[in-house]
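Worksheet: one structure, shown below.
Protein chains: 6
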Amino acid sequence: MSTVQAPRNPESDPRVKAVFDDIRATRNTEFINQLWRYLAFDATLLEQTWAEVKRVMATPSALDPLTKELVYITASVINGCSYCVHSHTAAATAKGMTPQQHAELLSIVALASKTNQLATALQVPLDPEFDRG
Amino acid sequence: MSTVQAPRNPESDPRVKAVFDDIRATRNTEFINQLWRYLAFDATLLEQTWAEVKRVMATPSALDPLTKELVYITASVINGCSYCVHSHTAAATAKGMTPQQHAELLSIVALASKTNQLATALQVPLDPEFDRG
Amino acid sequence: MSTVQAPRNPESDPRVKAVFDDIRATRNTEFINQLWRYLAFDATLLEQTWAEVKRVMATPSALDPLTKELVYITASVINGCSYCVHSHTAAATAKGMTPQQHAELLSIVALASKTNQLATALQVPLDPEFDRG
Amino acid sequence: MSTVQAPRNPESDPRVKAVFDDIRATRNTEFINQLWRYLAFDATLLEQTWAEVKRVMATPSALDPLTKELVYITASVINGCSYCVHSHTAAATAKGMTPQQHAELLSIVALASKTNQLATALQVPLDPEFDRG
Amino acid sequence: MSTVQAPRNPESDPRVKAVFDDIRATRNTEFINQLWRYLAFDATLLEQTWAEVKRVMATPSALDPLTKELVYITASVINGCSYCVHSHTAAATAKGMTPQQHAELLSIVALASKTNQLATALQVPLDPEFDRG
Amino acid sequence: MSTVQAPRNPESDPRVKAVFDDIRATRNTEFINQLWRYLAFDATLLEQTWAEVKRVMATPSALDPLTKELVYITASVINGCSYCVHSHTAAATAKGMTPQQHAELLSIVALASKTNQLATALQVPLDPEFDRG
Numbered sequence: 001m002s003t004v005q006a007p008r009n010p011e012s013d014p015r016v017k018a019v020f021d022d023i024r025a026t027r028n029t030e031f032i033n034q035l036w037r038y039l040a041f042d043a044t045l046l047e048q049t050w051a052e053v054k055r056v057m058a059t060p061s062a063l064d065p066l067t068k069e070l071v072y073i074t075a076s077v078i079n080g081c082s083y084c085v086h087s088h089t090a091a092a093t094a095k096g097m098t099p100q101q102h103a104e105l106l107s108i109v110a111l112a113s114k115t116n117q118l119a120t121a122l123q124v125p126l127d128p129e130f131d132r133g
Numbered sequence: 134m135s136t137v138q139a140p141r142n143p144e145s146d147p148r149v150k151a152v153f154d155d156i157r158a159t160r161n162t163e164f165i166n167q168l169w170r171y172l173a174f175d176a177t178l179l180e181q182t183w184a185e186v187k188r189v190m191a192t193p194s195a196l197d198p199l200t201k202e203l204v205y206i207t208a209s210v211i212n213g214c215s216y217c218v219h220s221h222t223a224a225a226t227a228k229g230m231t232p233q234q235h236a237e238l239l240s241i242v243a244l245a246s247k248t249n250q251l252a253t254a255l256q257v258p259l260d261p262e263f264d265r266g
Numbered sequence: 267m268s269t270v271q272a273p274r275n276p277e278s279d280p281r282v283k284a285v286f287d288d289i290r291a292t293r294n295t296e297f298i299n300q301l302w303r304y305l306a307f308d309a310t311l312l313e314q315t316w317a318e319v320k321r322v323m324a325t326p327s328a329l330d331p332l333t334k335e336l337v338y339i340t341a342s343v344i345n346g347c348s349y350c351v352h353s354h355t356a357a358a359t360a361k362g363m364t365p366q367q368h369a370e371l372l373s374i375v376a377l378a379s380k381t382n383q384l385a386t387a388l389q390v391p392l393d394p395e396f397d398r399g
Numbered sequence: 400m401s402t403v404q405a406p407r408n409p410e411s412d413p414r415v416k417a418v419f420d421d422i423r424a425t426r427n428t429e430f431i432n433q434l435w436r437y438l439a440f441d442a443t444l445l446e447q448t449w450a451e452v453k454r455v456m457a458t459p460s461a462l463d464p465l466t467k468e469l470v471y472i473t474a475s476v477i478n479g480c481s482y483c484v485h486s487h488t489a490a491a492t493a494k495g496m497t498p499q500q501h502a503e504l505l506s507i508v509a510l511a512s513k514t515n516q517l518a519t520a521l522q523v524p525l526d527p528e529f530d531r532g
Numbered sequence: 533m534s535t536v537q538a539p540r541n542p543e544s545d546p547r548v549k550a551v552f553d554d555i556r557a558t559r560n561t562e563f564i565n566q567l568w569r570y571l572a573f574d575a576t577l578l579e580q581t582w583a584e585v586k587r588v589m590a591t592p593s594a595l596d597p598l599t600k601e602l603v604y605i606t607a608s609v610i611n612g613c614s615y616c617v618h619s620h621t622a623a624a625t626a627k628g629m630t631p632q633q634h635a636e637l638l639s640i641v642a643l644a645s646k647t648n649q650l651a652t653a654l655q656v657p658l659d660p661e662f663d664r665g
Numbered sequence: 666m667s668t669v670q671a672p673r674n675p676e677s678d679p680r681v682k683a684v685f686d687d688i689r690a691t692r693n694t695e696f697i698n699q700l701w702r703y704l705a706f707d708a709t710l711l712e713q714t715w716a717e718v719k720r721v722m723a724t725p726s727a728l729d730p731l732t733k734e735l736v737y738i739t740a741s742v743i744n745g746c747s748y749c750v751h752s753h754t755a756a757a758t759a760k761g762m763t764p765q766q767h768a769e770l771l772s773i774v775a776l777a778s779k780t781n782q783l784a785t786a787l788q789v790p791l792d793p794e795f796d797r798g
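Respectively, the protein sequence lines represent chains A, B, C, D, E and F. First residue of the first sequence? That's 1 in the working numbering, and the numbers climb one at a time after it. First residue of the second sequence? That's 134 in the working numbering, and the numbers climb one at a time after it. First residue of the third sequence? That's 267 in the working numbering, and the numbers climb one at a time after it. First residue of the fourth sequence? That's 400 in the working numbering, and the numbers climb one at a time after it. First residue of the fifth sequence? That's 533 in the working numbering, and the numbers climb one at a time after it. First residue of the sixth sequence? That's 666 in the working numbering, and the numbers climb one at a time after it.
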């Protein structure tokens with residue numbers, strides 16, 4: 001069940017086809033996952049979202065590809081996005097995440113959520129040593 | 134302003150002193166940040182929280198120390214813990230995070246929050262390819 | 267799967283029947299969606315929740331009906347309520363939301379979540395110009 | 400207290416100056432709020448964030464400018480971004496939000512958060528009538 | 533810094549005065565905390581919010597007053613409302629919460645947040661035994 | 666659909682068997698719910714998570730068992746963990762939660778979420794009376 005109807009023949013729209021072609025080329029796979037098929041209900045939203053995902057996630061940069069996916073999984077878990085937890089766990093696995101690294105990631109996310117709530121519950125005042133501004 | 138009173142002389146309690154000594158030894162610094170000073174209102178809570186932080190964050194493991202801090206910052210941002218965003222950004226900087234890596238981390242957290250909300254708003258159905266179970 | 271059992275014959279309870287009748291009259295439809303059928307496990311909770319929904323959402327006021335639904339969808343997305351995203355997207359569509367407006371709403375929700383997390387990650391201090399108090 | 404240091408003379412960097420000039424021209428004011436001054440620690444992040452804010456919020460479109468700000472405030476409240484709640488409430492006021500509309504917005508955000516949590520607590524199953532996909 | 537201006541002489545408005553009088557009588561104290569002073573910017577919002585707080589929190593019912601406050605603190609922590617964490621921790625203390633109970637409450641909130649994120653990260657399927665519907 | 670594969674014969678691993686045996690003994694039931702079967706993908710994560718759940722939730726303490734479950738349900742609802750809402754509502758029911766107490770719990774969670782968002786939207790300043798630190 002979704003809140004929009006994914007287009008039946010999305011690639012009949014040349015703007016959608018161009019994005020899908022770029023996804024296939026960038027990821028070197030024929031697989032287009034459902035997020036893109038549903039975003040295709042609005043070509044502009046599809047184009048802009050893919051452009052940003054490609055720039056941030058698929059361009060060599062100061063963080064390695066696996067680290068980026070670990071950060072993405074973390075955000076997805078805390079934001080409670082079931083779809084995104086699935087898709088980025090699959091992406092991290094494809095980029096080499098081992099079961100041991102997965103378990104360790106979960107330990108950190110769990111611990112962080114624990115101490116985040118403790119600090120919020122205590123309303124701990126900031127240490128002046130943390131100031132950067 | 135906090136919701137508990139941090140003990141005035143926390144190390145007069147030998148259980149608190151033992152934890153503070155271990156923090157100093159583990160981190161190789163005299164600095165004990167406020168989270169621990171406030172958790173000291175309950176020695177058991179202090180001991181258990183530090184034991185877990187030490188085990189997960191200060192023990193060599195399958196993820197390197199900087200990656201762990203990037204994950205911790207991410208969780209802290211999305212959980213909205215101001216104290217934790219400050220303390221773990223400081224910790225990541227101490228472990229070598231460059232301004233460029235910091236900016237890139239923020240780009241990923243921002244992008245993830247964006248696509249997390251898009252997937253939730255669209256209620257995108259799961260691709261069978263993502264199933265591991 | 268739910269955490270309470272929806273009553274089998276909810277309208278055998280006159281308090282529930284009165285609420286359901288008012289929902290049908292207010293919305294001019296025979297359709298009673300599941301939220302109300304499950305809230306019927308406690309007549310008081312049902313009555314109070316419906317009274318507030320009717321007062322806030324179904325009474326002419328300073329904001330037009332479609333704007334109200336756009337705000338409701340936004341809250342539902344960020345709160346991560348799948349049921350509510352579905353029901354209020356359907357309500358907004360019934361009140362005239364076009365696909366273009368829907369796509370634009372998603373763009374704003376996505377952008378806001380992005381800049382919300384950036385401001386939290388940076389811990390940007392408040393501009394004195396924003397003070398109203 | 401912030402987690403990065405805002406540049407002392409941000410406009411000595413021509414990329415930052417170009418963004419600040421565009422903010423002033425687009426908003427027709429000399430005021431550059433702190434979010435942009437802190438994002439200036441990384442010119443690329445600044446450029447990309449402003450480009451998206453300008454495109455989504457400052458371009459005539461299918462939703463009127465005040466409605467857009469009401470949606471932005473809503474997301475900022477639920478995401479718990481204090482800075483953003485301040486800045487977008489100021490922006491909405493500048494675009495004509497009356498105190499009555501403000502109070503009504505708060506009523507909707509409060510009600511939505513209430514029913515969002517009720518639906519989540521009950522785990523209400525979806526009505527087939529809501530399916531669009 | 534707030535987003536509305538609290539009225540300077542709130543009780544010059546008889547509707548506000550009636551609510552403030554009822555708060556004082558119900559709580560048996562002269563102290564009116566800031567939430568009510570700011571909600572007074574809109575008499576209707578003030579009246580409706582107080583009526584619900586009084587009905588849910590200040591009326592004898594199936595849960596004892598301290599348990600209700602523990603639940604309220606928990607929601608406030610996870611929703612990230614600093615003001616509410618402060619006000620409801622004070623309320624729980626006034627209703628007899630001991631430091632030991634406070635520490636235990638924090639342990640549960642911390643543990644729940646941990647296992648909540650683990651279950652979300654794993655996307656654990658529901659046990660049929662949990663179905664009530 | 667899950668993000669890890671639950672082991673087919675989890676109790677062939679003696680560390681997993683020891684945890685499962687302890688769950689059965691502590692809870693006095695043969696039923697091992699899915700969270701533990703999936704956490705078994707990593708024996709260390711399983712052992713540590715169960716040890717903490719047992720210590721916090723299954724040991725006589727300053728809060729009674731039902732109150733603890735009400736707090737756990739509250740955190741689970743606000744954190745948006747569908748699995749956890751189900752499992753802890755079942756646990757609370759097993760510990761004697763009546764339908765009336767359940768409805769009242771939901772009223773408090775709903776009200777708290779409402780006033781949490783109102784206080785955040787108004788950015789109400791703290792009363793000095795709330796300071797403990």
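Each residue gets a CB set at the ideal place from its N, CA and C atoms; glycine is no exception.
F:R680, DSSP secondary structure in three states | Here the question's residue 680 of chain F lines up with position 15 in the sixth sequence. In this structure, F:R680 counts as helix in the three-state DSSP scheme.
Contact the segment 336-346 of chain C vs the segment 248-265 of chain B: 3+ CB pairs below 8 Å = yes
Using CA coordinates, which residue listed in D:R426, D:M400, D:V415 and D:G495 is at the minimum distance from D:D463?
-> By 1-based counting over the fourth sequence, the position of residue 463 of chain D is 64. Of the candidates D:R426, D:M400, D:V415 and D:G495, the one whose C-alpha sits nearest the C-alpha of D:D463 is D:G495.
Alpha carbon to alpha carbon, what distance is there between A:D42 and B:I156?
-> As a first step, residue 156 of chain B is located in the second sequence; it is residue number 23 there, counting from the start. As a first step, residue 42 of chain A is located in the first sequence; it is residue number 42 there, counting from the start. Between B:I156 and A:D42, the C-alpha separation is close to 53 Å.
Would you identify the three-state DSSP class for D:T428, choosing helix, strand or coil?
-> As a first step, residue 428 of chain D is located in the fourth sequence; it is residue number 29 there, counting from the start. It is coil, neither helix nor strand.
Exposed or buried, what is F:N698 when buried is set at 16 or more other beta-carbons lying within 10 Å of its beta-carbon?
-> Against the sixth sequence, residue 698 of chain F aligns to sequence position 33. Buried: at least 16 other Cβ atoms inside 10 Å.
Is E:K600 buried or exposed, if buried means 16 or more other CB atoms sit within 10 Å of its CB?
-> Here residue 600 of chain E refers to the residue found at position 68 of the fifth sequence. When all chains shown are included, E:K600 counts as buried.
Identify which residue in F:P675, F:W715, F:S778 and F:R673 has its Cα closest to the Cα of E:T647.
-> The residue given as residue 647 of chain E occupies position 115 in the fifth sequence. E:T647 has its Cα closest to that of F:W715, out of F:P675, F:W715, F:S778 and F:R673.
For E:A594, decide whether its Cβ has a neighbour in chain F, counting only Cβ atoms nearer than 8 Å.
-> As a first step, residue 594 of chain E is located in the fifth sequence; it is residue number 62 there, counting from the start. By the rule that beta-carbons nearer than 8 Å mark a contact, E:A594 touches chain F.
Per DSSP, what kind of secondary structure is A:P7 in: helix, strand or coil?
-> As a first step, residue 7 of chain A must be located in the first sequence, where it is residue number 7. Coil at A:P7, not helix or strand.
Specify the secondary structure class of F:R689 as computed by DSSP and reduced to three states.
-> Position 24 of the sixth sequence, counted from the first residue, corresponds to residue 689 of chain F. F:R689: helix per DSSP, three-state reduction.
Are the C-beta of D:V444 and some C-beta of chain B separated by less than 8 Å?
-> By one-based count along the fourth sequence, residue 444 of chain D stands at place 45. First, the amino acid is wrong: residue 444 of chain D is Leu here, not Val. At a cut-off of 8 Å between beta carbons, D:L444 contacts chain B.
Runs of alpha helix (DSSP H) lying entirely within the segment 595-658 of chain E, each at least 4 residues, in chain order = 597-610, 614-626 and 631-654
Along chain A, in chain order, which residues have C-beta atoms closer than 7 Å to that of B:D260?
-> Working through the second sequence from its first residue, we reach residue 260 of chain B at position 127. Neighbours of B:D260 on chain A, chain order: N33 and Q34.
What residue from C:A272, C:S348, C:V319 and C:I374 has the CA that sits closest to B:P258's CA?
-> Translated into positions along the second sequence, residue 258 of chain B becomes position 125. Out of C:A272, C:S348, C:V319 and C:I374, C:S348 has the C-alpha closest to the C-alpha of B:P258.
Three-state class that DSSP yields for D:M456 in the structure shown = Position 57 of the fourth sequence, counted from the first residue, corresponds to residue 456 of chain D. DSSP places D:M456 within a helical segment (H, G or I) once states are collapsed to three.
Evaluate C:A376 with the Cβ neighbour count: other Cβ atoms within 10 Å of its Cβ, from every protein chain shown; 16 or more gives buried, anything less gives exposed.
-> Along the third sequence, one-based indexing puts residue 376 of chain C at 110. C:A376 is buried by the Cβ-count criterion.
When the Cα of B:E262 is compared with those of A:T59, A:P128, A:H88 and A:Y38, which residue comes out closest?
-> As a working mapping, residue 262 of chain B is identified with position 129 in the second sequence. B:E262 has its Cα closest to that of A:H88, out of A:T59, A:P128, A:H88 and A:Y38.
Applying the criterion that 16 or more other CB atoms from any shown protein chain within 10 Å of the CB defines a buried residue, is E:A626 buried or exposed?
-> Your numbering for residue 626 of chain E matches position 94 in the fifth sequence. With fewer than 16 other Cβ atoms within 10 Å, it is exposed.
Hey, out of F:L770, F:Q670, F:R673 and F:P679, whose CA is closest to E:S593's CA?
-> Walking along the fifth sequence from the start, residue 593 of chain E turns up at place 61. That would be F:L770, whose Cα lies nearest to the Cα of E:S593.
Would you verify that the beta carbon of B:K201 is, or is not, closer than 8 Å to some beta carbon of chain A?
-> Here the question's residue 201 of chain B lines up with position 68 in the second sequence. At least one chain A Cβ lies under 8 Å of B:K201.
Write down the C-beta distance between B:T159 and B:K187 rounded to the nearest angstrom, noting that I regard them as a contact closer than 8 Å.
-> As a first step, residue 159 of chain B is located in the second sequence; it is residue number 26 there, counting from the start. As a first step, residue 187 of chain B is located in the second sequence; it is residue number 54 there, counting from the start. About 6 Å separates the two Cβ atoms, so the contact holds.
Of the residues E:Q580, E:P631, E:A624 and E:L598, the one placed nearest D:A502, counting alpha carbons only | Residue mapping note: residue 502 of chain D aligns to position 103 of the fourth sequence, counting from 1. The candidate whose alpha carbon is nearest that of D:A502 is E:Q580.
List the residues of chain C that A:T3 touches, going by C-beta distances under 7 Å, in chain order.
-> As a position in the first sequence, residue 3 of chain A is number 3, starting the count at 1. Correct list: V351, H352 and T355.
In terms of residues, what are the limits of the alpha helix (DSSP H) holding A:R37?
-> Indexing the first sequence from 1 puts residue 37 of chain A at position 37. Unbroken alpha helix (DSSP H) run through A:R37: Q34 to L39.
8 Å Cβ cutoff, F:L704 in contact with chain D | Translated into positions along the sixth sequence, residue 704 of chain F becomes position 39. Not one chain D Cβ lies under 8 Å of F:L704.
Using a beta-carbon distance below 8 Å, is E:D663 in contact with chain C?
-> For the purposes of this step, residue 663 of chain E is taken as residue 131 along the fifth sequence, with counting starting at 1. It does; some Cβ of chain C falls within 8 Å.
Under 7 Å by beta carbon: chain B residues contacting C:V375 = Looking up residue 375 of chain C in the third sequence gives position 109. Neighbours of C:V375 on chain B, chain order: Q250 and A254.
Measuring alpha carbon to alpha carbon, tell me which of C:M267, C:S268 and C:L311 ends up nearest C:V285.
-> Position 19 of the third sequence, counting from 1, holds the residue named residue 285 of chain C. Comparing Cα-Cα distances from C:V285 to each of C:M267, C:S268 and C:L311, the minimum goes to C:L311.
Alpha-carbon to alpha-carbon, E:G612 and B:G213 = The residue you call residue 213 of chain B lines up with position 80 of the second sequence. The residue you call residue 612 of chain E lines up with position 80 of the fifth sequence. Going from the Cα of B:G213 to the Cα of E:G612 covers about 7 Å.
Is D:T473 close to chain C, meaning its C-beta is less than 8 Å from at least one C-beta of that chain?
-> One-based indexing of the fourth sequence puts residue 473 of chain D at position 74. Closer than 8 Å to some Cβ of chain C, the Cβ of D:T473 qualifies, so yes.
Buried or exposed (CB count within 10 angstroms, at least 16 for buried), A:R8 = Here residue 8 of chain A refers to the residue found at position 8 of the first sequence. Counting other Cβ atoms within 10 Å of its Cβ, A:R8 stays below 16 and is therefore classed as exposed.
Return the residue from the list F:A705, F:V736 and F:A756 that minimises the CA-CA distance to F:S677.
-> Residue 677 of chain F sits at position 12 when you count from the first residue of the sixth sequence. Taking only the C-alpha atoms, the option nearest F:S677 is F:A705.
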